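Start counting the sequence shown at 4; every next residue gets the next number (this note's numbering).
Note that beta-carbon positions come from the ideal geometry of N, C-alpha and C, so glycine has one too.
All values reported here derive from a predicted model rather than from experimental measurement.
Shown next, in structure tokens, is the structure this report addresses.
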Amino acid sequence: MAFAEYQDEIYLDGLRGVVPGLPVTCDELQPLAEAAIPPAVRSYVAGGAGDEYTQRANVSAFEQWGLVPRMMVSPTQRDLSVDLFGTRLPTPLFMAPVGVVGLCAQDGHGDLATARAAARTGVPMIASTLTVDPMEQVAAEFGGTPGFFQLYTPTDRELAQSLVHRAEAAGFQALVVTLDTWITGWRPRDLAVSNFPQLRGHCLANYTSDPVFRSRLEKAPEDDPAAAVMHWAKTFGNPLTWDDLPWLRSITGLPLILKGICHPDDVRRAKDGGVDGIYCSNHGGRQANGG
Ligand SMILES: Cc1cc2nc3c(=O)[nH]c(=O)nc-3n(C[C@H](O)[C@H](O)[C@H](O)COP(=O)(O)O)c2cc1C
Numbered sequence: 004m005a006f007a008e009y010q011d012e013i014y015l016d017g018l019r020g021v022v023p024g025l026p027v028t029c030d031e032l033q034p035l036a037e038a039a040i041p042p043a044v045r046s047y048v049a050g051g052a053g054d055e056y057t058q059r060a061n062v063s064a065f066e067q068w069g070l071v072p073r074m075m076v077s078p079t080q081r082d083l084s085v086d087l088f089g090t091r092l093p094t095p096l097f098m099a100p101v102g103v104v105g106l107c108a109q110d111g112h113g114d115l116a117t118a119r120a121a122a123r124t125g126v127p128m129i130a131s132t133l134t135v136d137p138m139e140q141v142a143a144e145f146g147g148t149p150g151f152f153q154l155y156t157p158t159d160r161e162l163a164q165s166l167v168h169r170a171e172a173a174g175f176q177a178l179v180v181t182l183d184t185w186i187t188g189w190r191p192r193d194l195a196v197s198n199f200p201q202l203r204g205h206c207l208a209n210y211t212s213d214p215v216f217r218s219r220l221e222k223a224p225e226d227d228p229a230a231a232v233m234h235w236a237k238t239f240g241n242p243l244t245w246d247d248l249p250w251l252r253s254i255t256g257l258p259l260i261l262k263g264i265c266h267p268d269d270v271r272r273a274k275d276g277g278v279d280g281i282y283c284s285n286h287g288g289r290q291a292n293g294g
């Protein structure tokens, strides 16, 4: 189905006097979402680094892009599909990995809801390391749509390998390693309310369900959640260097994508090191302000 056909449903419903229950523009949806989400989650979702200059710069940079449509090409048969790593995808769109999206759904299982949206739309989800539900349960909702797993590489290499091998076994089709978040950016909105969801034990299911992570704890996370969170905080972020790339490359046969790369020289170096794809990103201005 072409994406534009989703509107047919709305117009046809209108013939029965049914109008959409939700706004159809992002501008109208945003305040409703903000009102519905608890303040602690809201600050984490909305907040960027520093004075949020990069967040704003990203939006205005994006607005500089335009499309030049071509005519007389029978647009009823749209084909936006792309080949990527041997897989044919219906469009070049992906859902970016968003840790805490799990907390944003009414039932507290937003990762599963996102995976179901991927199944319905054919737009692949890049599932974050930081999910409410373990990656195996997220992957089970993908239907026929491929999914990618995003890895925050922990300092414990055995744990990193365990997470990657679980992702492979669960059927994820590529590994996206995020490089720009071995330490959290300076985020004034979260700092002002002393809030960091993971430290409150949220979105750590991939860790607490992991045999290697569990083997590092004296007591099971169910019996001593605070100790599990503290261990997570100690091992969460690994400031990788180029010397780590051969190891990273060696732990998976899946296509390897590096997220957070912005400089052409870094792209060349990654390519030379056997990386399959670059996810050019400044993390939406949440990490280093000024990017
Ligand atoms: C609330 C929130 C949580 C995010 N969590 C993650 C995450 O867990 N892993 C990750 O790699 N990126 C995370 N990101 C960054 C996004 O994946 C993405 O990089 C960002 O929204 C900007 O989009 P762009 O990279 O396409 O420019 C998060 C972004 C937001 C807004």
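By the three-class DSSP mapping on this structure, what secondary structure does Gln140 have?
helix
Could you check whether the Cβ of Ala99 sits closer than 7 Å to any heavy atom belonging to ligand 1? yes
message = What residue range does the beta strand (DSSP E) around Val180 cover?
response = 177-181
Handout entry: Cβ-based burial, Lys222 [other Cβ within 10 Å; buried from 16]
Key = exposed
| query | Can you round the beta-carbon distance between Ala163 and Ile281 to whole angstroms, since I take them to be within the 8 Å contact cut? | reply | So it is not a contact: roughly 20 Å between Cβ atoms.
* Asked: So what does Leu92 bridge to, in DSSP terms?
  -> According to DSSP, which records beta bridges pairwise, Leu92 is partnered with Val85.
- prompt: Roughly how many angstroms separate the alpha carbons of Leu248 and Phe145, rounded to a whole number?
  reply: If I take the Cα positions, the gap works out to 29 Å.
| query | Taking C-alpha atoms, which residue in Pro258, Val22, His286, Gly288 lies nearest to Glu171? | reply | Pro258
| said: Tell me the residue span of the beta strand (DSSP E) that contains Ile264. | reply: 259-264
* Note down the Cα distance separating Val180 from Tyr14, rounded to an integer number of angstroms. => 42 Å
Q) Looking at Asp159 and Ala208, is the spacing between their C-beta atoms short of 8 Å? A) For Ala208 and Asp159, no; Cβs fall outside 8 Å.
**OP:** May I ask you to check if the CB of Gly102 is nearer than 7 Å to at least one heavy atom of ligand 1?
**Re:** Yes; taking the cut-off as 7 Å, the Cβ of Gly102 has a heavy atom of ligand 1 nearer than that.
Nearest-angstrom Cα separation, counted from Phe6 out to Leu83
10 Å
Worksheet item: Any chance the CB of Gly24 is under 7 Å from a heavy atom of ligand 1?
Response: no
Taking only the alpha-carbon atoms, compute the straight-line gap between Thr79 and Ser218 and give it to the nearest angstrom. About 56 Å.
Self-check item: Run of the beta strand (DSSP E) containing Gly318, from where it starts to where it stops
Solution: The structure shown does not extend to residue 318, since the chain is modelled only from 4 through 294, so no value can be given for it.
Is the beta carbon of Thr181 within less than 7 Å of some heavy atom of ligand 1?
yes
*asked:* Can you find the residues in the same chain that come closer than 7 Å, C-beta to C-beta, to Gly240, ignoring five residues on each side of it along the sequence?
replied: Tyr155, Thr184, Trp185, Ile186
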